[in-house]
Amino acid sequence: MRHVAGTVTHTPPRTAGPRPRGGHEFHDDGTLRAWTVDHAPHEMQRAVSRDGTAEVILVGACLATAEEARGAADAAARGQWHSTGRLPGSYLGIVKVGRILRIMGDRAATVPVHWTSTGSTVTWSTSALALAALTGAAPDPVRLLAEVTTWGVEPGVDGWFEGIHRVPPGSALTLAPDIPPTIQRPPTPSVRSFADAAEALRHELPLAVGRRALTGRSLSSDLSGGVDSSSITCLAAAHTNLTAVTYVDAAMADQDDARYAAEIAVAYPAITQHVVDGRRAGSRHFDRLADPTSVPVTDAPALSVGMLGILGAQLAPAVVAGSTGHLTGGGGDNVLDALVSPADRYRSGARVAALRDALGLARDRRSAAHPVLRAVAAAGRGTYPKALARLVGAVLDGPAPRVFPDAADVARWCGRLSAARWLTPTGRTALADLIGARAQSADPTVGPGTLRERLALEATGIEHANLDALARALWGLPVHAPFLDTRVVDIGQAVPAWERRRPGDFKPLARAALTGLVHAPVLARRTKTPFTGVYDGLHTNAPALRALLTASALAETGLIDSTAVLSSLDRTIHGSPADLGSLHTLIAIEVWLSLPTSFDAWWEPTPARETSR
1 MRHVAGTVTH
11 TPPRTAGPRP
21 RGGHEFHDDG
31 TLRAWTVDHA
41 PHEMQRAVSR
51 DGTAEVILVG
61 ACLATAEEAR
71 GAADAAARGQ
81 WHSTGRLPGS
91 YLGIVKVGRI
101 LRIMGDRAAT
111 VPVHWTSTGS
121 TVTWSTSALA
131 LAALTGAAPD
141 PVRLLAEVTT
151 WGVEPGVDGW
161 FEGIHRVPPG
171 SALTLAPDIP
181 PTIQRPPTPS
191 VRSFADAAEA
201 LRHELPLAVG
211 RRALTGRSLS
221 SDLSGGVDSS
231 SITCLAAAHT
241 NLTAVTYVDA
251 AMADQDDARY
261 AAEIAVAYPA
271 ITQHVVDGRR
281 AGSRHFDRLA
291 DPTSVPVTDA
301 PALSVGMLGI
311 LGAQLAPAVV
321 AGSTGHLTGG
331 GGDNVLDALV
341 SPADRYRSGA
351 RVAALRDALG
361 LARDRRSAAH
371 PVLRAVAAAG
381 RGTYPKALAR
391 LVGAVLDGPA
401 PRVFPDAADV
411 ARWCGRLSAA
421 RWLTPTGRTA
431 LADLIGARAQ
441 SADPTVGPGT
451 LRERLALEAT
461 GIEHANLDAL
471 ARALWGLPVH
481 APFLDTRVVD
491 IGQAVPAWER
501 RRPGDFKPLA
511 RAALTGLVHA
521 PVLARRTKTP
531 FTGVYDGLHT
541 NAPALRALLT
551 ASALAETGLI
561 DSTAVLSSLD
571 RTIHGSPADL
581 GSLHTLIAIE
591 VWLSLPTSFD
601 AWWEPTPARE
611 TSR
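Here it is, written out as structure tokens:
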């Protein structure tokens with residue numbers, strides 16, 4: 001699997017340990033030794049500050065010019081190391097100033113950083129799996145369990161594997177002589193007004209798309225007809241000819257999205273549209289899971305494994321056209337839209353406006369108003385650590401969780417999903433212990449909406465990385481999501497949620513920023529097409545899913561009851577939406593746990609000619 005890895009040893013003598021299998025060494029200065037696996041030459045940049053005291057290395061889809069990279073090195077020499085993480089694109093950044101080394105991914109977690117320490121050496125990688133293969137670390141089943149049965153439980157600095165640490169997205173792993181590894185967080189971007197963000201986004205998003213489109217290499221894109229993918233496609237078509245793919249199924253064929261996509265294809269001569277009808281392609285959700293071990297490796301459980309058949313049909317025209325990169329609208333919801341956040345507005349001091357928002361929310365969801373109002377007011381007095389402590393009690397001793405979310409949940413930090421019914425007594429105890437540990441380090445100042453937006457952004461970024469890994473492995477096609485570039489994310493999420501989401505409007509930030517650059521009728525949309533074809537796939541692929549869940553690795557640990565899981569699967573196959581999200585997550589986890597990994601698949605001995613340096 002494509003990744004970057006390295007070792008940092010400040011104390012000689014440096015031992016010659018293993019190196020990534022098939023890796024290309026791009027740096028060795030006696031302290032930092034680093035390799036790329038499956039990266040092209042154009043995915044590497046380095047720059048040295050004008051005074052020679054700082055060096056910056058950029059690996060991945062960094063769109064910075066040589067002058068911009070040099071500017072980041074100059075900024076690092078002045079102490080502004082975080083400037084390296086704020087260049088255009090999505091990439092790994094390495095900053096060396098004197099003997100201090102910082103390694104950082106992006107804010108959306110599309111490029112993560114993981115690390116482990118042995119003696120005087122720190123080994124790091126963009127792949128947790130690579131480090132697990134190196135150390136023999138096993139997956140943490142309770143960490144996985146939390147993904148299936150709860151919401152709002154922050155992963156913190158714990159990774160998917162025991163003993164493999166995680167750098168929070170956008171932060172830096174800082175390594176220096178004579179001090180233990182530390183995590184440094186960059187300064188928080190300043191709050192922006194809606195108008196200022198629209199102006200900034202009008203510059204930054206076309207730059208993120210345009211620099212990808214102007215490489216001279218063939219490109220393709222999703223063109224669903226929704227605001228996000230349509231915006232990316234229109235911006236790219238302003239620079240290059242584009243193969244645009246519109247996927248429909250029985251539920252989507254007659255919806256608004258298909259009509260808008262067709263209008264865009266007509267309006268932009270550079271677009272060659274391919275409409276893929278899943279009914280004719282025979283593609284459904286949860287295809288290709290009869291043999292989970294045949295699924296390519298991803299670094300984390302991938303929801304995209306539930307769409308392998310659909311993705312194969314959807315990306316086929318791009319592959320045939322010789323595309324070298326496929327653009328998507330992934331992350332558009334995180335940048336242009338927002339989660340409902342009356343509690344955060346209440347905590348900001350705008351209490352009357354927040355309660356008005358809460359009343360509107362209750363009305364829209366046809367819920368009683370008083371529980372929502374009480375929850376918003378309680379959030380003004382509460383904290384995230386206290387909410388986690390209450391969740392511990394609910395997991396251990398609470399009544400059965402609600403089948404459907406409560407409207408008042410928008411004012412809460414965390415809670416149980418309906419799939420918590422699957423927990424065994426052992427599972428409840430283990431999960432409660434994990435949540436209790438999280439409560440000890442949780443941020444007492446974060447609002448519920450801000451927390452949920454951060455977790456949603458990270459989930460989107462991780463899933464984009466999974467999709468990219470699958471598409472590269474199966475079809476040789478890289479996938480790009482310009483909305484997830486750190487600079488684009490910073491702009492959108494610097495606007496308070498209650499300004500990005502306005503009653504009766506849909507993604508007003510897109511209209512304010514992109515009018516004149518994107519097909520106007522799309523920006524005026526007030527609808528979003530629902531995707532309901534998943535039930536057809538569940539029904540058709542029920543035998544494979546039942547076999548996968550019957551042999552559940554999580555159930556074998558005694559944490560969940562497989563009988564309860566299979567009962568939920570049967571109800572969901574027949575149309576019940578209550579456990580659909582948790583079942584999809586559990587299927588992704590079970591596939592991921594079945595994938596074979598070994599030391600020899602990831603690492604190889606360092607050649608003798610390298611050990612003698």
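Residues in the sequence shown are numbered from 1 upward in steps of one, following UniProt numbering. No residue lacks a Cβ here, since even glycine has one placed at the ideal position from N, Cα and C. These numbers come from a predicted model, not from an experiment.
By the criterion of a C-beta distance shorter than 6 Å, Ala338 is surrounded in its chain by Ala497, Arg500, Arg501, once the five residues flanking it on both sides are discounted. Per DSSP, the beta bridge partners of Met44 are Val59. Distance check between Pro180 and each of Ser218, Leu134, Ser117 places Ser117 closest, using alpha-carbon atoms only. Of the residues assessed, Val8 falls on the buried side of the cut-off, its CB having 16 or more other CB atoms within 10 angstroms. Per the DSSP secondary-structure output, Gln184 pairs in a beta bridge with Ala172. Only exposed fits Leu214, as fewer than 16 other CB atoms lie within 10 angstroms of its CB.
In the displayed model, Ala244 falls within a strand according to three-state DSSP. Residues Thr328, Gly330, Gly331, His464 of the same chain have their beta carbon placed closer than 6 Å to that of Ala481, with the five preceding and five following residues left out of the count. For Thr121, the enclosing beta strand (DSSP E) begins and ends at 121-125.
In the structure shown, Thr36 falls within a strand segment according to DSSP collapsed to helix, strand and coil. Of the candidates Asp257, Asp254, Gly210, Gly210 places its Cα closest to the Cα of His239.
In the three-state reduction of the DSSP assignment, Ile94 falls in the strand class, which pools E and B. Checking the DSSP bridge columns, you'll see Asp178 has no partner listed.
Spatial neighbours of Gly156 in its own chain (CB-CB distance under 7 Å, excluding positions within 5 residues in sequence) are listed in chain order as Arg438, Ser441.
The alpha-carbon separation between Leu87 and Ala108 amounts to approximately 14 Å.
When rounded, the separation of the alpha-carbon atoms in Ala578 and Ser348 is 33 Å. Beta-bridge analysis with DSSP links Thr116 to Thr123.
CA-to-CA, the gap between His114 and Thr597 works out to about 17 Å. Taking the Cα of Glu43 as reference, the smallest distance to any Cα among Pro478, Leu517, Leu423, Ile491 is reached at Pro478. Glu499: member of the alpha helix (DSSP H) spanning 497-500, first to last residue. By the Cβ-count criterion, Thr572 is buried, with 16 or more other Cβ atoms from all chains shown falling within 10 Å of its own Cβ. In the DSSP secondary-structure assignment, His326 is bridged to Ser220, Val479.
Proximity to Ala394 across Thr123, Gly436, Ala358, Val376 peaks at Gly436, based on C-alpha coordinates.
Going by DSSP, Phe26 is part of the beta strand (DSSP E) stretching over 24-28. Per DSSP, the beta-bridge partners of Met104 are Gly93, Ala172.
Sixteen is the threshold: when 16 or more other Cβ atoms of the shown chains lie within 10 Å of the Cβ of Val59, as they do, the residue is buried. Sequence-distant Cβ neighbours of Gly152 in its own chain, meaning closer than 6 Å and more than five residues away, are Trp413, Cys414. Pro503 carries a coil assignment under DSSP once its states are collapsed to helix, strand and coil. As computed with DSSP, Ala54 is found in a beta bridge with Val97. Inclusion of Leu63 and Arg212 in the CB contact set at 8 Å is warranted, their separation being smaller than that value. With fewer than 16 neighbouring CB atoms inside 10 Å of its own CB, Ser190 falls in the exposed class. With distances taken between CA atoms, Ser171 lies nearest to Thr486 out of Thr272, Thr486, His574. In the same chain as Asp257, and ignoring 5 residues on each side of it, the C-beta atoms closer than 7 Å to its own belong to Ser224, Gly225, Gly226, Thr529, in chain order. Thr450 has its alpha-carbon roughly 7 Å from the corresponding atom of Asp344.
CA-to-CA, the gap between Phe26 and Arg99 works out to about 19 Å. Here the region 415-435 does not lie against the region 355-363, with fewer than 3 beta-carbon pairs under 8 Å apart.
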